[in-house]
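A.B. asks: For the sequence shown, the working numbering assigns the number 1358 to the initial residue and increments by one for each residue that follows.
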Amino acid sequence: MQNLKWNNNKFARAKTVKVNRQATAQKLLQTELEKLPVEERLIVERFISRGRIARNVMREFDAQLTFGERMADRVAAIGGSWRFIGGFAVFLIVWMILNSVVLATRAYDPYPFILLNLILSCLAALQAPIIMMSQNRQAEIDRLQAQNDYEVNIKAELEILQLHEKINQLREQDWVGLVELQQQQIEMLGKISTEISLKNSPENEV
C-alpha cells in the first residue's frame, strides 16, 4: 500500500514537471507547440522528456559517406596541400629540363610542351569537380553543425528559463515562510506585551 502511494506520488511529480517544462517552452517560444516548425517541435519534445540534443555531427556524416566520396575528400585534401604544390612544381621543372636540355635532340615533348599542357588541362578538369564535391559536402557539414548549435542553444535557453522559474518559486516560498514567521513573532510579542501589562497593572500590585 505504501509502495503504491509512493508510485502515485512519483507519477504525479513527473507529470507536474512535464507540464511545467511544457509551459516554460511555450513561454520562451511565445507560441503553442502545435504551431511550431517540425525542428523546433522536436527540440521542445526532447526538452520536455529530458532527452539529449547535442550530437557528433562529423561522426554521423562520416558514417553516411560512400567510398567514392571518401576518395574525393582525400584527393581534394592532397590537391590543396603544400606538399602537392611542391611535388608538382618539381615534376614540371624536371619535365621541362628533360625535354629542353637532356633530351634536346630526341625530346618526346619539345617546346612549347604540348603534351604537358594536355596533362595539366586533364588534371585541372578532373580536380575541379572533385574539389567542388568536397566543398559541397563541407557546406552540408557546416549546415548540420549550425542546425545542431541552434538546437543546443534553444534547449539551453529553455533549461535556463526553467531554472529561473524554479528559483522564483523557491524565492516566493521563502517569502511566504518569512511572512508567516514574522506574523508569529508579532503575535508572540503581543502576548508577551499583554502579560507584562497585566502584571504591571494596579490590581496586581495590590
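All C-beta atoms in this analysis are idealised placements derived from N, C-alpha and C, irrespective of residue type, glycine included.
What residue from S1554, A1485, K1548 and Q1540 has the CA that sits closest to A1434's CA?
C.D. replies: Indexing the sequence shown from 1 puts residue 1434 at position 77. Residue A1485 is the option with its Cα nearest to A1434.
A.B. asks: Please say whether A1420 and M1490 have beta carbons closer to each other than 9 Å?
C.D. replies: Taking the first residue of the sequence shown as position 1, residue 1490 is located at position 133. Taking the first residue of the sequence shown as position 1, residue 1420 is located at position 63. Against a cut-off of 9 Å, the Cβ pair of A1420 and M1490 comes out as no contact.
A.B. asks: Does the beta-carbon of I1524 have 16 or more other beta-carbons within 10 angstroms, so that it is buried, or is it exposed?
C.D. replies: As a working note, residue 1524 is residue 167 in the sequence shown. When all chains shown are included, I1524 counts as exposed.
A.B. asks: Tell me whether the segment 1487–1501 and the segment 1433–1447 touch, counting them as touching only if at least three CB pairs, one residue from each stretch, are closer than 8 Å.
C.D. replies: Touching, yes.
A.B. asks: Just the Cα atoms here: how many angstroms apart are L1546 and E1529?
C.D. replies: Numbered from 1 along the sequence shown, position 189 holds the residue referred to as residue 1546. Numbered from 1 along the sequence shown, position 172 holds the residue referred to as residue 1529. Those two C-alpha atoms are separated by around 26 Å.
A.B. asks: Taking P1467 and N1456 to be in contact with their CB atoms under 8 Å, please state how far apart those CB atoms are, rounded to whole angstroms.
C.D. replies: As a first step, residue 1467 must be located in the sequence shown, where it is residue number 110. As a first step, residue 1456 must be located in the sequence shown, where it is residue number 99. Indeed, because the Cβ distance is near 6 Å, the residues count as touching under 8 Å.
A.B. asks: If you count every other CB in all the chains shown that lies within 10 Å of the CB of Q1519, and 16 or more means buried, which is it?
C.D. replies: Position 162 of the sequence shown holds residue 1519. The residue in question, Q1519, is buried, as its Cβ has 16 or more Cβ neighbours within 10 Å.
A.B. asks: Express the C-alpha separation of I1471 and Q1504 in angstroms, rounding to a whole number.
C.D. replies: What you label residue 1504 is simply residue 147 of the sequence shown in a count that begins at 1. What you label residue 1471 is simply residue 114 of the sequence shown in a count that begins at 1. For Q1504 and I1471, the distance between alpha carbons rounds to 49 Å.
A.B. asks: What separation, rounded to the nearest whole angstrom, lies between the Cα atoms of L1480 and F1445?
C.D. replies: In the sequence shown, counting from the first residue as 1, residue 1480 sits at position 123. In the sequence shown, counting from the first residue as 1, residue 1445 sits at position 88. Each residue's alpha carbon lies about 11 Å from the other.
A.B. asks: Go ahead and label K1548 buried or exposed: buried means 16 or more other beta carbons lie within 10 angstroms of its beta carbon, across all protein chains shown.
C.D. replies: Within the sequence shown, residue 1548 is the residue found at index 191, counting from 1. It is exposed - the Cβ of K1548 has fewer than 16 other Cβ atoms within 10 Å.
A.B. asks: By Cβ distance below 8 Å, which residues in the same chain neighbour Y1465 in space, the five residues on each side in sequence not counted?
C.D. replies: The count along the sequence shown starts at 1 and reaches residue 1465 at position 108. Result list for Y1465: N1456 and L1472, in chain order.
A.B. asks: What's the call for L1527, buried or exposed, on a 16-neighbour Cβ count within 10 Å?
C.D. replies: Locating residue 1527 in the sequence shown gives position 170, counting from the first residue. Exposed, because fewer than 16 other Cβ atoms sit within 10 Å of the Cβ of L1527.
A.B. asks: Check the C-beta distance from Q1492 over to V1414 and give it rounded, since I have them as a contact under 8 Å.
C.D. replies: Along the sequence shown, read from residue 1 onward, the residue named residue 1492 stands at position 135. Along the sequence shown, read from residue 1 onward, the residue named residue 1414 stands at position 57. Rounded, the Cβ-Cβ distance is 17 Å, inconsistent with contact.
A.B. asks: Rounding to the nearest angstrom, what Cα-Cα distance links E1497 and V1458 in this structure?
C.D. replies: One-based indexing of the sequence shown puts residue 1497 at position 140. One-based indexing of the sequence shown puts residue 1458 at position 101. Cα to Cα, the separation comes out at about 49 Å.
A.B. asks: Excluding the 5 residues flanking M1453 on each side, which residues of the same chain have their C-beta closer than 7 Å to its C-beta?
C.D. replies: Counting from one through the sequence shown, the residue named residue 1453 turns up at place 96. Same-chain partners within the cutoff: F1470.
A.B. asks: Can you give the Cα-Cα distance for E1514 and Q1495, rounded to whole angstroms?
C.D. replies: Looking up residue 1514 in the sequence shown gives position 157. Looking up residue 1495 in the sequence shown gives position 138. Cα to Cα, the separation comes out at about 28 Å.
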